[in-house]
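Sequence lines, in order, name chains A and B. So for the first sequence, the numbering used here puts the first residue at 808; every next one is plus one. So for the second sequence, the numbering used here puts the first residue at 2; every next one is plus one. We put the CB at the ideal spot given by N, CA and C, even for glycine.
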Amino acid sequence: MQALEPSAGDELERMLARYARVRLDPSPTQTRRARASVVEEAWRHRIAGVDASAAVPRTAALGHGAWFTRMPFATWRPRRITLSLAIAVLAGLLIGSSAFAASRAGGPLYEARLTVETLMLPSDPAQRLDAQLAQAQARLADIVDATGRGDAGAMAAAIDAYDQAIAGLDSTGQGTERARAAIELHLSVLEQLLAAATGPSASGLQNAVTHSSGVIERFDAGTAGPGNGANGANGASNGGNGGNGANGANGTNGTGNGTNNGTNSGANGASNGANGAGNGTNNGTNNGTNSGAKPSSAPAQPDRSQPPGKLNAASPAPAQGPPGD
Amino acid sequence: MTIDDEEITGLVAAAQDGDPEAFGSLFDHYHGPVYRYVAARVHRPSDAEDLTQLIFVKALEALPRYEARGVPFGGWLFRLARNVVIDHIRTRREHVTLDLATERPAPEGGPDELAALRQELDSVATALLRLTPEQREAIELRFFAGLSAKEAAAAMDRQEGTVRGLQFRGIAALRRELGIEPSLEERPARVSGEDR
């Protein structure tokens, strides 16, 4: 369509362009700062959205069906998830404030903050699980925050803290479904971060992904009955914690290959197998009623070498010329 | 980064599905224009930075409710930006002289060139202030934010022709203020082949 286009003329256009460039353009620092903050907010929305949508349908997917809906906790379960989420998001928001700057991931007070949080965990198993989930989600928010800031040190510290937080989750008591759903959500977030990550941060995120997968397998083993060899997935983790067995997981991992010795109190079979795509050896001693061998239980991780195609997020803001002909 | 309308539509859809990186790409595309528009209206860089960030957070929250329906995403985003700026001006009622505005590093040159540049920028700022608020907004959206007439119309909640008229009169007023004579072919308007 042809339209009458009022033209400013070359000289006025040049003057306006100079004015915009010198007086109005954001600095690169402002742009980076704003981007980190906005994308972090987008991740928080993502986490909140996924968690809310994952809460209810999971009951049907797990085959509990009508039985589950009759249970007394069927009504408060989503609310508790929402509460946990709200606490975690609040914690995440607090991370952004200057008062918490020193206790941010990688900061001098971060370890102290984690210790205090761990010491304050309630002793009641149900409350403790909720608090642990909130703690794990807060560590996930730390990872997202560190990723947004491009701070490799903070990211490593946050990933370590996240691994520790999920390693302590009890897979045998009540509320394991909720915990499993939460860790599945974490896994999806970590996988998306991993898809966009490069260099050392990618390897740290890969470890976190592996650990989350391992925890999910541990939960599956805890709920699926005997003979599952629940510990297989953790063989693939490199340099992390074993995170296996209901209590006191100990993992000794080498570089690239992990040997994991876990003691489980659940009704699991003794599993001895090569796990994690041939990377790990897992020896579990179980006090259960069954024993069996599970040759390979580590989930195949998707290929991370080709992140999904997307526009270059690091590109600078476009230089849009003034309208005209 | 330059992306076309089709890519923007795809990014908006992905962002609505909860893809944070898609929203990050939209941010990359629109941050500069939004910041320039806001900075032109509030003058103080710290406010411009805070408000721009607020605009994108509000856009993130409102994105699930966005439906194209003839309103381009840019127009929708700038309408949101306009409302945020109006709210800010209403509540703050600040009067900051343009001298307080922080300047980006100017092109290299000697003291004389820099003085001349500063004088020119001050003249432009003064000329802009003498426009009517609507003319100034049309100029800001079209020249500083780089919006199309359609997007600017959506942002201002006006007809496209009205925005073109405001732009035309704004340009004429700026020329008078700055002492720029239009060339013969630019008088009074010219036909453009594209509908920007």
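| Check | Outcome |
| --- | --- |
| Gly957 of chain A versus Glu50 of chain B - alpha carbon distance | 20 angstroms |
| Backbone secondary structure at Thr133 of chain B - three-state DSSP | coil |
| Closest Cα partner of Asp199 of chain B within the set A:Phe1026, A:Asn1014, A:Ser1019, A:Ala1003 | With chain B represented from 2 up to 197, any question about residue 199 of chain B goes unanswered, as that position is not in the structure. |
| Residue environment, Gln934 of chain A, which counts as buried when at least 16 other CB atoms sit within 10 Å | exposed |
| Beta-carbon contacts of Gln939 of chain A that lie in its chain and below 7 angstroms, excluding the five residues immediately before and after | Leu928, Ala972, Gly975, Leu976 |
| Local Cβ density within 10 Å of Gln120 of chain B, reported as buried at 16 or more and exposed below that | exposed |
| Beta-carbon spacing of Glu845 of chain A, Val86 of chain B below 9 angstroms | It should be noted that the sequence gives Val, not Glu, for residue 845 of chain A. No, Cβ-Cβ distance for Val845 of chain A and Val86 of chain B is not below 9 angstroms. |
| Close-in-space but distant-in-sequence residues of the same chain around Arg840 of chain A (CB under 6 angstroms, 5 per side omitted) | none |
| Interface flag, Glu818 of chain A vs chain B, CB-CB below 9 angstroms | yes |
| Where Met157 of chain B falls: helix, strand or coil (DSSP) | helix |
| Whole-Å CB distance - Ile181 of chain B paired with Glu818 of chain A, under 8 angstroms assumed | 5 angstroms |
| Alpha carbon of Arg946 of chain A to alpha carbon of Gln160 of chain B, nearest angstrom | 50 angstroms |
| DSSP-derived helix/strand/coil call for Arg920 of chain A | helix |
| Cβ of Ile90 of chain B within 9 angstroms of any chain A Cβ | no |
| Cβ separation of Leu916 of chain A and Gly980 of chain A, assumed to be a contact under 8 angstroms, to the nearest whole Å | 32 angstroms between Cβ atoms; not a contact. |
| CB contact check: Gly19 of chain B to chain A, cutoff 9 angstroms | yes |
| Contact set for Phe24 of chain B: own chain, Cβ-Cβ below 7 angstroms, skip 5 residues either direction | Ala16, Leu61 |
| Whether Glu152 of chain B touches Arg83 of chain B by CB criterion (9 angstroms) | no |
| Range covered by the alpha helix (DSSP H) that runs through Glu7 of chain B | 6-17 |
| Complete runs of the alpha helix (DSSP H) confined to the region 15-87 of chain B [at least 4 residues] | 21-43, 46-63 |
| C-alpha gap between Ser1020 of chain A and Leu122 of chain B, whole angstroms | 59 angstroms |
| C-alpha gap between Gln168 of chain B and Tyr36 of chain B, whole angstroms | 20 angstroms |
| Run of the alpha helix (DSSP H) containing Met822 of chain A, from where it starts to where it stops | 816-826 |
| Reduced DSSP secondary structure (H/G/I, E/B, other) of Gly180 of chain B | coil |
| Beta carbon proximity, Asp970 of chain A to chain B, threshold 9 angstroms | no |
| Residues near Phe74 of chain B by beta carbon distance below 6 angstroms, same chain, minus five either side | Ile9, Val13 |
| Reference Ala26 of chain B, options B:Ala40, B:Asp5, B:Arg176, closest by Cα | One point to set straight first is that residue 26 of chain B is Ser, not Ala, in the sequence displayed. Per the Cα distances, B:Asp5. |
| Where Ala63 of chain B falls, given that 16 or more other Cβ within 10 Å makes a residue buried | exposed |
| For Gln54 of chain B, the nearest candidate out of B:Val72, B:Pro34, B:Gly71, B:Glu68 (CA to CA) | B:Pro34 |
| Through-space distance from Glu68 of chain B to Arg143 of chain B, alpha-carbon basis | 23 angstroms |
| Residues that Arg839 of chain A contacts on chain E, provided the C-beta gap is smaller than 8 angstroms | Absent from the structure: chain E. Protein chains present are A and B. |
| Within chain B, partners of Asp832 of chain A - CB distance below 9 angstroms | Gly33, Tyr36, Arg37, Ala40, Arg105 |
| Counted within 10 angstroms of its Cβ, other Cβ atoms place Thr127 of chain B as buried (16 or more) or exposed | exposed |
| Cross-chain neighbours of Ser844 of chain A in chain B, by beta carbon under 7 angstroms | Gln54 |
| As assigned by DSSP and simplified to three states, the class of Asn1038 of chain A | Interpretation of Asn1038 of chain A is limited by its pLDDT of 41, a score under 50 that renders its predicted location unreliable; no figure is taken from the coordinates. |
| Beta-carbon separation (whole angstroms), Gln1013 of chain A vs Leu994 of chain A, contact threshold 8 angstroms | About 12 angstroms separates the two Cβ atoms, so there is no contact after all. |
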